[in-house]
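Protein chains: 2
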Amino acid sequence: MRIAERISRLGTETAFAVSAEAAAFAAKGNKVYPFHLGDMNIPTPANVVEAAEKAIRDGKTGYCPNAGVPQLREVLAADVSASRGVEYTMENVVIQPGGKPTIGKFFLALMNPGDEVLYPNPGYPIYESQIEFHGGKAVPYGLIEGEKNFELDLDAIEDRITPRTKLMVLNDLQNPTGAECTQAQFEKLAELVLKHDLYVLCDEAYFDIRYEGKSSSFAALAGMTERCVILYTFSKKFAMTGWRLGAAIGPKEIIDVIAKINVNDESCSNHFIQYGAIEGLTGDQAQAKQILAILKERRDTAVDILNSIEGVNCFRPNATFYLYPNITGAMKKKGLTDYDSMRKAYLHKTGVSVCTRLHFGRALKGEKDFYIRLAYSGIDTPEINEGLGRLKVFIEN
Amino acid sequence: MRIAERISRLGTETAFAVSAEAAAFAAKGNKVYPFHLGDMNIPTPANVVEAAEKAIRDGKTGYCPNAGVPQLREVLAADVSASRGVEYTMENVVIQPGGKPTIGKFFLALMNPGDEVLYPNPGYPIYESQIEFHGGKAVPYGLIEGEKNFELDLDAIEDRITPRTKLMVLNDLQNPTGAECTQAQFEKLAELVLKHDLYVLCDEAYFDIRYEGKSSSFAALAGMTERCVILYTFSKKFAMTGWRLGAAIGPKEIIDVIAKINVNDESCSNHFIQYGAIEGLTGDQAQAKQILAILKERRDTAVDILNSIEGVNCFRPNATFYLYPNITGAMKKKGLTDYDSMRKAYLHKTGVSVCTRLHFGRALKGEKDFYIRLAYSGIDTPEINEGLGRLKVFIEN
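Top line first, the protein sequences correspond to chains A and B. Letter by letter, the first sequence follows residues 30 to 426 in our numbering. Letter by letter, the second sequence follows residues 30 to 426 in our numbering.
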């Protein structure tokens with residue numbers, strides 16, 4: 030077999046291995062509390078389902094345009110314009126089979142081999158993988174524990190910019206940390222982007238998964254709209270992870286290129302589910318609000334228990350459905366010194382299945398503390414209570 | 030704007046421009062006979078639709094495994110094993126959001142920059158585009174008019190193989206020509222593949238769109254199963270073009286790599302429609318057979334009228350839903366000397382919208398005759414009669 034050389038640079042989501050271990054443990058009759066994967070155990074709103082089913086009956090089973098159903102591009106442009114305070118039209122929107130495809134297509138459209146690309150670490154592992162797969166050099170920047178949340182290490186970002194730095198990935202409202210920039214931090218970042226002539230992938234997958242306050246988009250800052258491509262997804266807001274529908278939103282010249290990549294890669298996204306998405310954006314919002322209410326209750330339950338555990342410190346991020354507690358004290362207490370032993374001990378002693386810092390990139394120089402990531406999108410409040418209660422007993426005894 | 034250099038090598042399907050012209054002509058109140066695009070105007074079988082809708086209600090709205098729903102991989106492996114006479118298991122199958130994604134992923138998995146790749150011309154334009162986009166050298170081989178159908182130019186293939194030739198695209202039951210290899214031709218081709226250590230993308234999108242006889246797969250030849258990746262699609266057999274569902278089927282080592290690309294590109298294909306596909310493969314076949322009966326009637330109607338036109342010669346391929354008549358005589362009769370004038374004259378004088386040879390690659394050296402491509406998948410028999418009747422009057426007068 031003669032696999033292409035580039036495949037040696039292709040990464041993956043190692044969290045899937047955690048799923049497999051959890052499934053194997055459950056298969057032996059053990060109870061598992063699934064905090065490891067960001068899937069959702071909440072049904073898609075009924076009005077979205079009905080609109081998609083109606084579209085099938087209306088014959089929307091043939092191809093649609095490569096860039097997506099025009100009506101969906103229009104209502105999404107209007108929705109994102111209003112929520113971000115940016116003026117987009119349908120020409121700025123190209124529909125994708127999920128939010129994730131925007132990552133690879135952004136790099137294919139804008140990155141040349143050898144270009145350096147800044148990306149967050151800890152962060153979603155696909156950024157690093159796609160940068161290196163397509164011949165770029167992935168340059169990580171860290172996140173630091175602030176007063177009330179994680180923050181971008183802006184000094185580190187500036188330090189790591191070289192003349193070869195061309196692109197940056199910004200995942201504000203971040204997976205896994207929940208980090209959120211202040212406007213002052215956005216402004217400093219925008220200065221750097223202009224000074225060094227960068228283009229930015231704004232992964233806004235969690236923009237609408239927000240419990241307090243209002244989300245802001247980096248693309249709305251002066252001069253940034255022309256330099257940012259927003260990764261948009263229907264997955265979280267409408268509990269549609271398995272439907273695979275999202276979009277890339279940005280300057281027309283880049284969006285046209287991504288639409289041309291669509292022609293080559295998959296022709297178009299599924300036609301009839303785009304009518305479900307139109308209903309999601311324009312129809313009754315009661316069930317979308319209900320999804321947020323469910324998630325908020327889960328967040329508060331999980332954060333409260335985690336912070337009650339000796340040696341665990343957990344922020345309460347305003348957005349995302351992830352928690353990233355510092356468990357350094359809890360590790361010491363149990364005499365644990367590495368991530369793998371800790372994760373397996375938690376699973377096998379309590380049934381609590383989590384990801385760790387290592388599922389979000391290699392630890393950076395100087396990192397000393399230990400972190401786990403819990404997703405509460407796929408586990409109900411009573412199970413959160415029970416599972417984390419067991420974890421508390423295990424850690425404290 | 031700083032678009033990546035590789036985008037200059039990205040091609041497209043120029044047939045979409047023909048669609049736009051036809052739509053503009055129709056918008057002025059003119060009748061258009063749409064023979065230009067390979068979409069289908071036949072509903073998806075009701076049992077497939079119902080199974081997908083049931084899956085939504087059963088909560089199949091979250092992620093599924095990256096390689097696809099295990100049950101679908103199993104039944105597809107069984108179906109393809111039986112129809113091709115090859116032994117595949119689910120480990121040989123990775124589900125894709127359409128047939129098309131298999132093209133790009135095959136090259137990403139097996140092609141290194143500078144590798145030469147043989148591909149058919151005339152042929153589906155995405156092969157050449159994806160080869161060059163990902164840094165390969167696209168080397169076209171022609172098709173020649175045989176006695177009863179088009180045939181691969183096997184001598185040309187052998188002539189064009191160099192030490193740098195690593196891969197080949199074979200689209201037996203071909204778009205646009207309907208070409209089909211004999212077993213003897215398959216065997217000669219297999220010899221070349223072994224002699225020159227090639228791997229082959231077998232685009233079998235039309236394997237099940239067959240009216241007489243039985244389709245054969247090149248992957249079934251001795252030594253070829255290990256060297257072939259089959260592009261499979263649900264689009265045509267079950268009139269599911271807009272659902273976007275297909276698969277790559279081949280050696281486990283390659284399929285594992287493509288599944289890893291899935292993790293990076295789109296996580297997984299839409300979850301619930303895979304249950305529709307399971308029903309399509311294992312449930313009642315009445316409607317799938319009906320689709321074939323409809324298409325056969327259309328083929329015969331179209332071929333009969335085309336062959337009745339002075340200066341037009343059209344084969345009657347046993348498979349695909351395309352016709353590729355030689356219209357050299359008809360061009361001369363009307364004093365037409367170029368494709369664009371001819372295509373526009375047909376559209377504006379008769380409403381018949383077609384693609385031409387040029388939508389399937391640049392003409393090869395020595396090509397003298399003129400061809401058009403008609404798709405009969407998206408136009409009913411009465412419209413075929415009426416439209417081609419008008420074309421006959423136009424050409425003969």
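Just so you know, even glycine gets a beta-carbon here, dropped at the ideal spot from N, CA and C.
The beta carbon of B/LYS129 sits closer than 7 angstroms to some beta carbon of chain A. In the three-state reduction of the DSSP assignment, B/GLU176 falls in the coil class, being assigned neither a helical nor a strand state. Annotation: A/TYR261 is outside any alpha helix (DSSP H); the continuous beta strand (DSSP E) that includes it extends over 257-262.
Chain order gives the chain B residues near A/CYS93 as GLY271, where near means a beta carbon separation below 8 angstroms. Residue range 228-232 is occupied by the beta strand (DSSP E) that includes B/ASP232. Shown here, A/TYR351 sits in a strand according to DSSP, grouped into three states. Distance from A/LEU223 to A/PHE247 at the Cβ level is roughly 13 angstroms; contact not present, criterion being Cβ atoms closer than 8 angstroms.
Taking a beta-carbon distance threshold of 7 angstroms, B/GLY133 counts as an interface residue toward chain A. In the DSSP assignment, B/GLN316 falls within the unbroken alpha helix (DSSP H) covering 315-337. When C-beta distances to chain B are compared with 8 angstroms, the residues of the region 155-170 of chain A below that value are ILE155, SER158, GLN159, PHE162, in chain order. Not one beta carbon of chain A lies nearer than 7 angstroms to the beta carbon of B/MET119. In this structure, the CA atom of B/ASN76 is about 29 angstroms from the CA atom of B/THR330. Neighbours of A/GLU42 in chain B, taken as residues whose beta carbon is under 7 angstroms from its own, are VAL292 in chain order. The continuous stretches of alpha helix (DSSP H) do not include B/ILE124, which lies in the beta strand (DSSP E) extending over residues 122-125.
Listed in chain order, the positions of the region 288-318 of chain A with a beta carbon within less than 8 angstroms of a beta carbon of chain B are LYS289, ILE290, VAL292, ASN293, ASP294, GLU295, SER296, CYS297, SER298, ASN299, HIS300, PHE301, ILE302. The beta-carbon separation of A/ASN70 and A/ILE408, rounded to 7 angstroms, stays under the 8 angstroms limit for a contact. When Cβ-Cβ separations below 7 angstroms define contact, A/THR90 makes contact with chain B. In this structure A/LEU321 is in contact with A/TYR240, their Cβ atoms being roughly 7 angstroms apart against a cut-off of 8 angstroms. Close partners of A/ALA106 in chain B (Cβ separation under 9 angstroms) are lacking, with about 20 angstroms as the shortest Cβ gap. Straight through space, the alpha carbons of A/ASP294 and A/TYR304 are spaced by roughly 22 angstroms. Straight-line measurement puts the Cα of B/LEU202 at about 8 angstroms from the Cα of B/ASN347.
Closest in alpha carbon position to B/ARG402, among B/SER37, B/PRO63, B/GLY133, is B/PRO63. Rounded to the nearest whole angstrom, the C-alpha separation of B/GLU425 and B/SER337 is 10 angstroms. When secondary structure is reduced to three states using DSSP, B/ASN342 falls in the strand class. Beta-bridge pairing by DSSP links A/VAL381 to A/TYR62. In the structure shown, A/VAL98 falls within a coil segment according to DSSP collapsed to helix, strand and coil.
Here the alpha carbons of B/THR43 and B/ARG102 stand approximately 34 angstroms from one another. In the DSSP assignment, A/ILE408 falls outside any beta strand (DSSP E), carrying neither H nor E. Going by beta carbons, A/ALA138 and A/ILE287 fall inside the 7 angstroms limit. Residues of chain B whose Cβ lies closer than 9 angstroms to the Cβ of A/ARG31 are, in chain order, LEU139, ASN141, LYS195, ASP226, TYR228. When only Cα atoms are considered, A/THR410 and B/GLY252 end up about 56 angstroms apart.
With contacts defined as CB atoms closer than 7 angstroms, A/THR357 and A/ASP398 qualify as a contacting pair. Judged by DSSP in its simplified three-state form, A/GLU145 adopts strand. Of the candidates B/VAL381, B/THR349, B/ILE124, B/THR349 places its Cα closest to the Cα of B/LYS243.
Around the beta carbon of A/VAL78, 16 or more other beta carbons lie within 10 angstroms, which makes this residue buried.
Residues of chain B whose Cβ lies closer than 7 angstroms to the Cβ of A/MET69 are, in chain order, GLY91.
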